[in-house]
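Colleague:
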Amino acid sequence: MEGSVEKAQGLMKLCDQLKEEREMLRKQNDNNHWSQTVELAAAQEKQMEVCTVCGAFLIVGDAQSRIDGLNFDYQCH
Numbered sequence: 276m277e278g279s280v281e282k283a284q285g286l287m288k289l290c291d292q293l294k295e296e297r298e299m300l301r302k303q304n305d306n307n308h309w310s311q312t313v314e315l316a317a318a319q320e321k322q323m324e325v326c327t328v329c330g331a332f333l334i335v336g337d338a339q340s341r342i343d344g345l346n347f348d349y350q351c352h
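Taking this note's numbering as reference, the numbering of the sequence shown is continuous, increasing by one, and the terminal residue is 352.
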């Protein structure tokens, strides 16, 4: 009986250590996830400029055909 108690105590200690390790890994994973999300958002961010005539936001380097296709009552681009 005494051997079983010692074995159980050892297993409980191991269990506690594994729980701590799991929690640490989860926190690391959460931090990595957010940093990857921020990096992805920054990579997808487009440079924009304001049209000096009408004030519309235009994407820098956008294809002229897309700009020409905008539906304005007047043509300013």
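We treat Cβ as the ideally placed atom computed from N, Cα and C, and that holds for glycine.
I'd like the list of long-range same chain contacts for C326, defined as Cβ closer than 6 angstroms, with 5 residues on each side in sequence excluded.
Modeller: Contacts found: L333.
Colleague: Specify, as a first and last residue, the run of the beta strand (DSSP E) that E320 falls within.
Modeller: That residue, E320, is in no beta strand (DSSP E); it is neither H nor E in DSSP.
Colleague: Since I believe Q322 is in contact with V335 (beta carbons under 8 angstroms), could you give me their beta-carbon distance rounded to a whole number of angstroms?
Modeller: Yes, they are in contact, since the Cβ atoms of V335 and Q322 sit about 4 angstroms apart, within 8 angstroms.
Colleague: Can you list, in chain order, the residues of its chain whose CB lies under 6 angstroms from that of V313, leaving out five sequence neighbours each side?
Modeller: Here the set comprises nothing.
Colleague: Measure the alpha-carbon distance for Q303 versus K288 and round it to whole angstroms.
Modeller: Those two C-alpha atoms are separated by around 23 angstroms.
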